[in-house]
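Colleague:
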Amino acid sequence: MLNEDVRIAPSVLSADFTRLGQELESIRDADLVHYDVMDGHFVPNVSFGMGILKQVKAATDIPLDVHLMVTNPEEQTPWFLDAGADIVTFHMEAQTHANRLCSLIHAAGAKAAVALNPATPVSLLDSVIEDVDMVLVMTVNPGFGGQSFIEGSIAKIRKLRALCAEHGVNPWVEVDGGIVADTAERVVAAGANVLVAGSSVFGAKDRGVAIGALRDAGHRGLTVRG
Ligand code: DX5
Ligand code: ZN
Numbered sequence: 097m098l099n100e101d102v103r104i105a106p107s108v109l110s111a112d113f114t115r116l117g118q119e120l121e122s123i124r125d126a127d128l129v130h131y132d133v134m135d136g137h138f139v140p141n142v143s144f145g146m147g148i149l150k151q152v153k154a155a156t157d158i159p160l161d162v163h164l165m166v167t168n169p170e171e172q173t174p175w176f177l178d179a180g181a182d183i184v185t186f187h188m189e190a191q192t193h194a195n196r197l198c199s200l201i202h203a204a205g206a207k208a209a210v211a212l213n214p215a216t217p218v219s220l221l222d223s224v225i226e227d228v229d230m231v232l233v234m235t236v237n238p239g240f241g242g243q244s245f246i247e248g249s250i251a252k253i254r255k256l257r258a259l260c261a262e263h264g265v266n267p268w269v270e271v272d273g274g275i276v277a278d279t280a281e282r283v284v285a286a287g288a289n290v291l292v293a294g295s296s297v298f299g300a301k302d303r304g305v306a307i308g309a310l311r312d313a314g315h316r317g318l319t320v321r322g
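My numbering applies: residue 97 is where the sequence shown begins, and numbers increase by one.
Now the structure itself:
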């Protein structure tokens, strides 16, 4: 069934930026490169912007999954589309005109995704779920790598899948934060199919092995899901 494979998206937030080219080469088995943009307002931390995204685009053929943790996504999205984003994810908490921003992203030929912080209910997606290619369920409060997975995320993913079924749509469901083999298996069993992983990939000596372990865990989750 379409959409039911598991995709692994290493987050370059946990990479060694002094060796970014080699770090990208080390994740050549990945399906997506997850690129966390933090503005110091929507989240406390600051990361990187569109200039470095352009360099990442030039250094890899893997599609770029840009996660905008910014207060003004409508203003910033065109910059990241120009820089080579293949997927643009904006936060529902930061965007008052979500459908309009989805149209803008689609007009540029990219995929549109919306993200929910842990405290934001799935019901907020009711009027936008039919317009998105992917929903990102944050499984930590965004801002930093290396945090612990929030257990309530499992029930939230199930609620999201129920909402999708009500609307007759089947977007990718991405999770981000605290993803290791154990949590990977359980989120996929609940309905996720895109796994972001920062420290569990870039903290490993062999990134190919780390990506393979997450993929295997995800496949076990698919089996449980039936
Ligand atoms: C958190 C970022 C994540 C982060 C995940 O705010 O959105 O993408 O890099 O890091 P880990 O996998 O270490 O929790
Ligand atoms: Zn992220």
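In this text, a Cβ means the ideal position worked out from N, Cα and C, and glycines have one as well.
1. With a threshold of 7 Å on Cβ separation, who are the neighbours of M97 within its own chain once the five nearest residues in sequence on each side are excluded?
2. Cβ atoms of H137 and T167: under 7 Å apart, would you say?
3. With DSSP collapsed to three states, give me the class of G299.
4. Does the ligand DX5 have even one heavy atom less than 6 Å from the beta-carbon of P174?
5. When the Cα atoms are used, what is the spatial distance from V233 to T114?
6. Which residue or residues does DSSP assign as beta-bridge partners of T185?
7. Taking the straight line between their C-alpha atoms, what separation do you get for V108 and E262?
8. Write down the C-beta distance between I104 and I253 rounded to the nearest angstrom, noting that I regard them as a contact closer than 8 Å.
9. Could you tell me the alpha carbon to alpha carbon distance between N99 and G317, rounded to whole angstroms?
10. To the nearest angstrom, report how far apart G274 and H130 are at their CA atoms.
11. Does DSSP put T232 in a helix, a strand or coil?
12. Fully enclosed by the stretch 99-141, which alpha helix (DSSP H) runs are 4 residues long or longer?
13. If you drop the 5 nearest sequence neighbours on each side, which residues of the same chain put their C-beta closer than 7 Å to that of H202?
14. Pick helix, strand or coil for D272, following the three-state DSSP scheme.
Modeller: On the basis of the supplied data:
1. Note on M97: pLDDT 37, under 50, position unreliable in the model; the coordinate value appears next. Apart from sequence neighbours up to five positions away, no residue of its chain approaches M97 with a beta-carbon distance below 7 Å.
2. Yes, these two residues count as a Cβ contact at 7 Å.
3. G299: coil per DSSP, three-state reduction.
4. Checking every heavy atom of the ligand DX5 against the Cβ of P174, none is found closer than 6 Å.
5. C-alpha of V233 to C-alpha of T114: approximately 30 Å in a straight line.
6. DSSP lists H163, A209 as partners of T185.
7. In a straight line, the C-alpha of V108 is about 35 Å away from that of E262.
8. Actually they are not in contact, since the Cβ atoms of I104 and I253 sit about 17 Å apart, beyond 8 Å.
9. In this predicted model, N99 has a pLDDT of only 47, less than 50, meaning its place in the structure is not dependable; the value taken from the coordinates is given anyway. When the Cα atoms are used, N99 and G317 turn out to be separated by approximately 14 Å.
10. Taking the straight line joining both Cα atoms gives about 14 Å.
11. Before going on, a small fix: residue 232 reads as Leu here, not Thr. L232: strand per DSSP, three-state reduction.
12. With a minimum length of 4 residues, the continuous alpha helix (DSSP H) runs that stay inside the stretch 99-141 are 116-122.
13. A208.
14. Taken through DSSP and simplified to helix, strand or coil, D272 comes out as strand.
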